[in-house]
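Colleague:
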Amino acid sequence: MSLLEVHDLTVSYTRRGRWGRPHARPAVHGVSFAVEPGEVVAVVGESGSGKTTTAQAVIGLLPPNGRLDGGRILLGGTDIAGWSQRRLQAVRGAQIGLVPQDPANSLNPVKPVGVQIGEALRIHRRGDRRTITRRVVELLERVGLPDPEVRARQYPHELSGGMRQRVLIAIAVALAPRLIIADEPTSALDVTVQKRILDLIDDLRAESGTAVLLVTHDLGVAADRSDRMVVMKDGRIEERGATRAVLGAPQAAYTARLLRDAPALRAPRFLSTEVTEAVEAVEAVEVPEAAGAARAAAATGATGPTGPTGTGAVCEPPEPAVVVHDLVKEYRAGGRPFRAVDGVSFEVPRGTTHALVGESGSGKTTTARMVMRLAEPTSGSVAIGGAETAGLRGARLRALRRDVQLVYQNPYGSLDPRQSIADIVEEPLRNFGLGDRPARRERVRELLDRVALPAAVLGRRARELSGGQRQRVAIARALAPGPRVVVLDEAVSALDVSVQAQILDLLGELQRDLGLTYLFISHDLAVVRQISHTVSVMSKGRIVETGTTRQLFENPGHAYTRALLAAVPGTAHRPAGQDGTAHRLPAREGAARRLAGQEAGR
Amino acid sequence: MRPGLILSWALIVLVALWALVPGVFTGYDPIAGIPAEKLRAPGPGHLFGTDAVGRDLFARVVHGAVNSLSGAFVAVAVGLVLGTLLGLVAGSVRGALDEIVMRVVDVLLSVPGLLLALTVIILLGPGTVNVAVAVGVGSVASFARLARSEVVRVRRTDYVEAAFGSGGRFAAVLWRHVLPNSLVPVVALAALQFGVAILAISTLGFLGYGAEPPTPEWGLLISEGRNYLATAWWLTTLPGTVVVAVVLAASRISRSIGREDG
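Going line by line, the protein sequences match chains A and B.
Residues 1 to 602 in full-length UniProt numbering are what the first sequence spells out, letter by letter.
Residues 1 to 262 in full-length UniProt numbering are what the second sequence spells out, letter by letter.
What follows is the structure, encoded as C-alpha cells:
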C-alpha cells in the first residue's frame, strides 16, 4: 500500500469579479499520483502550474478562497480529503511534516526558535517540559546546527537563511512523520546553502525512511534528488514516472521543452567568439587574486576585439567598454566600517558579456550600482567608454545614463504600475528629448518589435502582462536611449525556465545586432555559463577569480569557485563528457565545510 | 460592489444634489417661516417638522447642505494640497528639510484638532470660509505624515530608480512616478477627512463661529434646536442624523478606496 495516494484531485479558487460576484477558477484538475514509503517524489512545474496548490491540498492548508472540489487523498489508506481542520490537526506534524518555502517569513520573529520547535511537540503532547527541551536540542543538532543549546535560545533574525531553513526542517521532522512535504524548500537560498539543505533532507530520509514530496520549479533539483517525478502544467499532470526515465526520454512535449530550457541541464557550448579565443590565447590558466585578475582582464581588452584581425596593426587598441579599478564601497554598521565591495577591478571588452557571479552578500549588486553611478563608490574608479564617471553631476551624469542602462531583477517592481507600456518605453526618449512626439511613438513601436512584443501591448499596464513580457518591456526601455553598456542585475532570475531561455536568447540576439556590452550580475552559474564570455567570481566583496567562461567552468582555480560549481543542481544527471566539466571534485568537501563554518559564524 | 458601499455613494450623491439644486427637493423657503405652523412634529406636510418660527426643517437641512458641504470641500482641499505638498517634498528630499517639516507636523499633531481650528479662527475671524480654512489647516499634519510615508516607500522602488536611471530630472520623476503612486491612501484619507470636516464645521457652527443665523447650516441647526430638546426632539435629532449618516458614508467610501489598490 502506498503511503500517500492522490486520486483525481480537483481544486478551485474563488475570486470576486468586478461587481463582487464570486466565480470559481479551477487551479488543479484531476491530479493523481502516489508516494511510496521512503521515496522522494518531485512535483515540478512553472509558476501557475498548480504544484503548490496540490501540496497545500494534501495537507489541508489551502488558502481561504481555495476549495477542494473533488478527489481522494489516501494517507496510509485513509481518505483525509474533506476532513475538518480539527481532525487534520492530528495528522499535520505527526504524520505529514511541512517545510515551507520562505525561511525569512515562516518563523515567528518574537519567539526563540527552540520554543517554536517545542510547539510541535507540545501541541501533540509529547512529553513534559524537560523532555521537550531536551528533544529540541537533539533536533537542532540533528539538522546540523552547531551549538544547539545556544541556537535554541536565539531568535530567527539572529540566524542566517540557511540556518532558519534548518530550524524549519527540525520542526517538520520533530514528530518523525512518515511524509514530509517540502514546498520549494531552497528557492530562497544561495546555491551552496541549497545543496547542504537538500543533502540534509536526503540524510534524514535515508535514516528514518521518511518519504518526501518535493515541490520545486527547478528541474535540476528534481533531477538530483527525486526517485520519481510528476510534471505539472496549468493544473494538469503532463507526465509522471521514474525521474531517470522522464529525464532520459521525456514522453510529453512540455517536459521535453522544460528540459531543453533548463539552463542547468542543457549545458550548451560555451560562447566561443573570436574575442574569447583571443583572450584564452593570452590569459594565464589560473588567476588567484584580484590584482592579477585586473591585469589579465587588461590584457583581454588590449588584444580582444583586434586580436584576430589586426595582426601587426600599429593602431591604438580600442578602449574597453567598461573599466573598473579598485572599487571600494564602505558602509558604517554600528560604528564599525563594513566593506561591501573591497578592491574590485575588472574590464569588459566592447561587445562582450562579463558576468559577476556570487552568492547573496558578495557585493555584486553593489558593484553594479556603482558602475551605474546609482551608488557612490567610497574609492576607486569606473570608466565607461574611456570616460571617468566619478564626480559627474547634472547634465553630464544624465549623459552617462544614455550610455549605461540597467535592467532589474524583478520585472514586477521595475515598471511603474500606473503607466502604460507605451509611456514606460517612451520615458527615456522624453527625458533625453530624443525626437518629437510622433518620432518617439514610432521609435517605441520599433523597440517593442525589437524585443518581440506585439503592438497590442502599447496601451496596457504592466500588471496585465506576464513576467516574461514585463522583462521584455524593461529591456525595451533600457534600449530606448541607445546605450552602449547594459547592466543586467539578475535580469532572468525571477523568471520561469522556459521564459528565462527566451529572454537569454533575446539578449544574445540584441548583443550581436547592436554590439552591446553586458555586465551580467547573477547567482546562477548555469545561466552565466550560457550567456557570458568572461566571468568574475565574487565572495565577501572581493573578486576571487576572473577568467573566460570556459576556463572558469572547466578548470576552476579557486576553491570557492569549485564549491559553487559543485553546488549547481542538476549536475548529477548531466551526461558525462558533454561539457567536460569536472563537477564532483574532491576539493569541494573542504570548501563546503569552510562555507558551513562561515554560515555558522554569521 | 457591496450594498453598504452603494448606499453610501447614493447618500453622498443625494446630499450633493441637495447642495446643487435644493429647489428640486423642497418647496419651502428655508429662511421665512410661517408662524402659524411653528413646532409641528414630523409628518406628511413637513417631513422633518418645523422649528420655533415655523420654518420647514427639511428645507433648512436641504438648503444647509451647500454651506456644510462647500465648507468641507474647502477644508479637505486645503489639507490635501498643503499636506501632500509638504509630504512630497519632505519624503523625497529627505535630510534636514525632512526633519524640520516633520517636527513641525509633530507639533501640529500634538495639538487637539478643534483647539487648533479655534486658534486659526481667532486669528482669521469667524465666517464660513474661515471656518473651512481653519478645519483644513488642522488636517494638514495628518495628510503630510501619510503622504510622506507613502513617498518614502515609492521613492525606494525600482521603477523610481529606473526613471532616474533613464535620465529623468528630479521634479519630473516626482511628478510622473512618485506623486501618482503615493496618492491612493492619501485620497482615501481625503474621503475620510471629508466626513470629519463636516463634523468639525458643524461643531464650530454649533459653537457659533461659523455661519450667522438665520443661514441654514447643519451645525447651527442642531445648536438652535438645543433650546427645544425637551419639547421638539426633531430639531436636534433629524439634522444630527443627517450629519452622522454623511460622515459614516464618507468613511465607508474611504475604506473602499484604501482597499481597491491595496
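Yeah, the Cβ is synthetic: ideal placement off N, Cα and C, and Gly gets one too.
Just so it is clear, the structure is predicted and the values come from calculations on it, not from any experiment.
Please report the straight-line C-alpha distance between R15/A and R461/A, rounded to a whole angstrom.
Modeller: Taking the straight line joining both Cα atoms gives about 21 Å.
Colleague: Beta strand (DSSP E) containing A200/B: first to last residue?
Modeller: First-last for A200/B: L179 to F206, but that is the alpha helix (DSSP H), not the beta strand (DSSP E).
Colleague: Could you check which residue in Y13/A, D496/A and A55/A has the C-alpha nearest to that of F33/A?
Modeller: Among Y13/A, D496/A and A55/A, the Cα nearest to that of F33/A is on A55/A.
Colleague: So for K329/A, helix, strand or coil by DSSP?
Modeller: DSSP places K329/A in strand when its eight states are reduced to three.
Colleague: So which residues on chain A does T157/B lean against when the C-beta distance must stay under 9 Å?
Modeller: Within chain A, the residues near T157/B are G413, S414 and D416.
Colleague: From this set, A256/A, R244/A, G248/A and V212/A, which residue's C-alpha is nearest M232/A's C-alpha?
Modeller: Of the listed residues, the one whose Cα sits closest to M232/A is A256/A.
Colleague: What residues are listed by DSSP as bridge partners for Q405/A?
Modeller: V486/A, per the DSSP bridge assignment.
Colleague: Tell me whether the region 179-190 of chain B and the region 75-85 of chain B touch, counting them as touching only if at least three CB pairs, one residue from each stretch, are closer than 8 Å.
Modeller: Judged by Cβ distances under 8 Å, the region 179-190 of chain B makes contact with the region 75-85 of chain B, as three or more pairs qualify.
Colleague: Alpha carbon to alpha carbon, what distance is there between T549/A and R574/A?
Modeller: Because the pLDDT at R574/A is just 46, under 50, the model does not fix this residue reliably, and the point stays unresolved.
Colleague: By Cβ distance below 6 Å, which residues in the same chain neighbour P109/A in space, the five residues on each side in sequence not counted?
Modeller: Hits under 6 Å: P156.
Colleague: For a cutoff of 8 Å on Cβ pairs, would you count S8/B as touching chain C?
Modeller: Going by chain labels, chain C is absent from the structure shown, which instead holds the protein chains A and B.
Colleague: Three Cβ pairs or more, each shorter than 8 Å: is that satisfied between the region 460-479 of chain A and the region 389-402 of chain A?
Modeller: Counting Cβ pairs under 8 Å, fewer than three are found: no touch.
Colleague: Examine chain B for any beta-carbon lying closer than 8 Å to the beta-carbon of A293/A, and answer yes or no.
Modeller: Residue placement at A293/A is poorly supported in this model, since its pLDDT is 42, which falls under 50; the coordinates are not used for a value here.
Colleague: Is it true that the CB of R166/A sits closer than 8 Å to the CB of L145/A?
Modeller: For L145/A and R166/A, yes; Cβs fall inside 8 Å.
Colleague: Using a Cβ-Cβ cut-off of less than 9 Å, give me the residues of the region 158-169 of chain B that come near chain A, in sequence order.
Modeller: Those would be D158, Y159, V160, E161, A162, A163, F164, G165, S166, G167, G168 and R169, in chain order.
Colleague: If we ignore side chains and look at the alpha-carbon of each, how far apart do D56/B and P126/B end up?
Modeller: Each residue's alpha carbon lies about 27 Å from the other.
Colleague: Starting from P185/B, find everything on chain A with Cβ-Cβ shorter than 9 Å and list it in chain order.
Modeller: Within chain A, no residue comes near P185/B; the closest Cβ sits about 14 Å away, beyond 9 Å.
Colleague: Please list, in chain order, all residues of the same chain as P216/B whose beta carbon is under 6 Å from its beta carbon, the five residues on each side excluded.
Modeller: So the list reads P30, R60, H63 and G64, once near-sequence residues are dropped.
Colleague: Any C-beta of chain B within less than 7 Å: which residues of the region 358-385 of chain A qualify?
Modeller: Here the close residues are M372 and L374.
Colleague: So what's F162/B in DSSP terms, helix, strand or just coil?
Modeller: Residue identity differs from the one stated: residue 162/B is Ala in this sequence, not Phe. Note: A162/B maps to helix in three-state DSSP.
Colleague: May I have the straight-line CA-CA distance separating D190/A from R252/B, to the nearest angstrom?
Modeller: Near 46 Å, if we compare the C-alpha coordinates of R252/B and D190/A.
Colleague: Please go through the region 81-156 of chain B and give each complete alpha helix (DSSP H) segment of 4 or more residues, from N-terminal end onward.
Modeller: For the region 81-156 of chain B, whole alpha helix (DSSP H) runs of length 4 or above, ordered along the chain, are 95-110, 113-124 and 128-155.
Colleague: Using three-state DSSP, classify K233/A as helix, strand or coil.
Modeller: It is a strand residue.
Colleague: What does a CB cutoff of less than 7 Å around R40/B pick up in its chain, not counting 5 residues either side in sequence?
Modeller: Within the same chain, R40/B has close Cβ partners H46, G49 and T50.
Colleague: For N130/B, does the count of other Cβ atoms within 10 angstroms reach 16, so buried, or fall short, so exposed?
Modeller: Flag for N130/B reads buried.
Colleague: Name, please, each residue of chain B whose Cβ falls closer than 7 Å to the Cβ of Y408/A.
Modeller: Neighbours of Y408/A on chain B, chain order: D158 and A162.
Colleague: Secondary structure at S138/A, three-state DSSP: helix, strand or coil?
Modeller: Note that residue 138/A is Glu in the sequence shown, not Ser. E138/A falls in the helix class under three-state DSSP.
Colleague: Which complete alpha helix (DSSP H) runs does the region 81-136 of chain A hold, if anything under 4 residues is left out?
Modeller: As far as the region 81-136 of chain A is concerned, its whole alpha helix (DSSP H) runs of at least 4 residues are 85-91 and 113-123.
Colleague: Taking the alpha carbon of R70/A as the point to measure from, which residue in G82/A, E545/A, K540/A and S493/A has its own alpha carbon closest?
Modeller: In the sequence as presented, Arg is not what sits at residue 70/A; that position holds Gly. Checking every option, the nearest Cα to that of G70/A belongs to G82/A.
Colleague: P180/B versus chain A: which residues are under 9 Å apart at the beta carbon?
Modeller: Under the 9 Å cutoff, chain A gives D416, R418 and Q419.
Colleague: Just checking, does the region 136-147 of chain B make contact with the region 108-123 of chain B on the three C-beta pairs under 8 Å criterion?
Modeller: Short answer: they touch.
Colleague: How is L62/A classed by DSSP in three states: helix, strand or coil?
Modeller: In the structure shown, L62/A sits in coil (DSSP, three-state: anything other than H, G, I, E or B).
Colleague: Would you call the region 85-95 of chain B in contact with the region 203-222 of chain B, where contact means no fewer than 3 C-beta pairs closer than 8 Å?
Modeller: With a cut-off of 8 Å, the region 203-222 of chain B and the region 85-95 of chain B do not count as touching, because too few Cβ pairs lie within range.
Colleague: Helix, strand or coil: how does DSSP classify R336/A here?
Modeller: Of the three classes helix, strand and coil, the one that applies to R336/A here is strand, per DSSP.
Colleague: With a threshold of 7 Å on Cβ separation, who are the neighbours of V35/A within its own chain once the five nearest residues in sequence on each side are excluded?
Modeller: Contacts found: S2, L3, L4, V41, L179, A211 and L213.
Colleague: Name, please, each residue of chain A whose Cβ falls closer than 7 Å to the Cβ of H177/B.
Modeller: What H177/B touches in chain A: D416.
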